[in-house]
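Asker: In full-length UniProt numbering, the protein residues as written are 1 to 244.
I have a structure here, written as C-alpha cells, and I will follow up with some questions on it.
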Ligand SMILES: [Zn+2]
C-alpha cells in the first residue's frame, strides 16, 4: 500500500499495538504497511501459516484497504465502501500448537479494535485457528473458503438462504474454523462432507466452539452474538454484531 499517510497510520497503529510485545520474534521490521512478510520458516501448506517461536506474544496491525485489495469480495453496490473496512493483520494460534504470523481478517472499521481484543483473547487461551485469509484468496467463494477451513469476515454476499445482505457484507460477522463449526441446515444437512462429523456437538475436539465456552464469551464481551444459539438452522462458526 503506497502513500505516506497510509504508511504513517499503519506504523502508528503498529507502534501502539506492539507495546507490550517485548522480545517478539519474526517481525523483522515489517511494520511499514507493506505486504505481510513470509519468513523462511513457512510450513509450505499453501496457506498463511508461518511457524513462530512458541513464546511469541500476540500482535495485530489495523490497516486501511482499497477496492484493489478486495478484487472479489467487494464491488460497486455493496453496502459499505472499502474506506469503511480494515485489514487486521495478526498473530494466531495454530492447530500445530504454535503461533503463526500473517493472519489477515477484513472487518468493518467500527469493529476493528473490538475484534483485535477478541482475537488477542483467543490467542492467549490458545484457541487454535486453521487459517486466516481474506475470501479474495478464494475468489470470493464462501464455499471454497469453508472447504479450506478458513476463518474470515468481510464478504459482500447475501445471507445463506436469504435475499438480504449477510452481516458479512458489512464486515460485521466472523466465521471461525467453519469445518469444526459447520453451518447445519434445519434438516440437519451440512454442505461440506469432510465436516459432517462435527454435526455431533457432543464432541470436544480442538477448534470446536460450544455454548458458554471462552470463545463465545470473548465475542459476548464486545456484544456479538453466536449462530450456535439460532433455532432451526445453526451456524456454529458465525459471530456477528447483531447476532444474525
Ligand atoms: Zn458467517
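Cβ atoms here follow ideal geometry from the backbone N, Cα and C, with glycine treated the same way.
Would residue 128 pass as a contact of residue 206 if the rule is Cβ separation under 7 Å?
Answerer: In contact: residue 128 and residue 206 (Cβ atoms closer than 7 Å).
Asker: At a cut of 8 Å, does the region 187-198 reach the region 114-126 through at least three beta carbon pairs?
Answerer: As far as the Cβ criterion goes, the region 187-198 does not touch the region 114-126, which means the pair count is below three.
Asker: Assuming residue 218 and residue 122 are in contact, meaning their beta carbons sit under 8 Å apart, how far apart are those beta carbons, in whole angstroms?
Answerer: About 6 Å separates the two Cβ atoms, so the contact holds.
Asker: Measuring CB to CB, does residue 58 end up less than 7 Å from residue 120?
Answerer: Contact: yes.
Asker: Pull up the distance between the alpha-carbon of residue 65 and that of residue 215, whole angstroms please.
Answerer: Those two C-alpha atoms are separated by around 27 Å.
Asker: Grab me the residues of residue 175's own chain with a C-beta within less than 7 Å of its C-beta, minus the 5 sequence neighbours each way, in chain order.
Answerer: So the list reads 151, 152, 237 and 238, once near-sequence residues are dropped.
Asker: My understanding is that residue 235 touches residue 183, with C-beta atoms under 8 Å, so please give their C-beta distance in whole angstroms.
Answerer: The pair is a contact, with the Cβ atoms about 5 Å apart (cut-off 8 Å).
Asker: Could you tell me the alpha carbon to alpha carbon distance between residue 242 and residue 202, rounded to whole angstroms?
Answerer: Distance between the alpha carbons of residue 242 and residue 202 is about 27 Å.
Asker: Just the C-alpha distance for residue 85 and residue 107, rounded to the nearest angstrom, thanks.
Answerer: Looking at the two C-alpha atoms, the distance is approximately 6 Å.
Asker: Please find out if some non-hydrogen atom of ligand 1 comes closer than 6 Å to the beta-carbon of residue 210.
Answerer: Not under cutoff, so the answer is no.
Asker: Output the residue ranges of the alpha helix (DSSP H) runs that lie fully inside the UniProt domain "Peptidase M15C" (160-240) and measure 4 residues or longer, sorted by chain position.
Answerer: Counting only runs of 4 or more, we get 214-220.
Asker: Closest by CA to residue 159, which one among 181, 227, 188 and 194?
Answerer: Taking only the C-alpha atoms, the option nearest residue 159 is 227.
Asker: Could you tell me which of 190, 172 and 177 sits nearest to residue 224, measuring between CA atoms?
Answerer: Selected option, being the one with the closest Cα: 172.
Asker: Please classify residue 231: is it buried, with 16 or more other beta-carbons within 10 angstroms of its beta-carbon, or exposed?
Answerer: When all chains shown are included, residue 231 counts as exposed.
Asker: Taking residue 168 as the reference, give the member of 181, 68, 79 and 61 with the closest Cα.
Answerer: Here the closest residue by C-alpha is 79.
Asker: Can you grab the Cα-Cα spacing for the pair residue 137 / residue 131, in whole Å?
Answerer: Rounded to whole angstroms, residue 137 to residue 131 spans 12 Å at the Cα level.
Asker: Under 8 Å by Cβ, that's how I've got residue 73 and residue 155 pegged, so tell me the actual separation to the nearest angstrom.
Answerer: At roughly 5 Å, the Cβ-Cβ gap stays under 8 Å, so residue 73 and residue 155 are in contact.
Asker: Starting from residue 153, trace the beta strand (DSSP E) in both directions and tell me its first and last residue.
Answerer: First-last for residue 153: undefined, no H or E at that position.
Asker: Since residue 165 contacts residue 126 with CB under 8 Å, what's their CB separation in whole angstroms?
Answerer: That pair is no contact at about 34 Å.
Asker: Tell me the rounded alpha-carbon separation between residue 63 and residue 75.
Answerer: The alpha-carbon atoms of residue 63 and residue 75 are separated by roughly 20 Å.
Asker: Going by DSSP, which residues form a beta bridge with residue 99?
Answerer: Residue 99 is bridged to 93.
Asker: Restricting to Cα atoms, I'd like to know which of 56, 139, 190 and 189 is closest to residue 97.
Answerer: For residue 97, the nearest C-alpha among the options comes from 56.
Asker: Please classify residue 139: does DSSP put it in a helix, a strand, or coil?
Answerer: Residue 139 falls in the coil class under three-state DSSP.
Asker: Give me the DSSP bridge partner(s) of residue 60.
Answerer: Looking at the DSSP assignment, residue 60 forms a beta bridge with 90.
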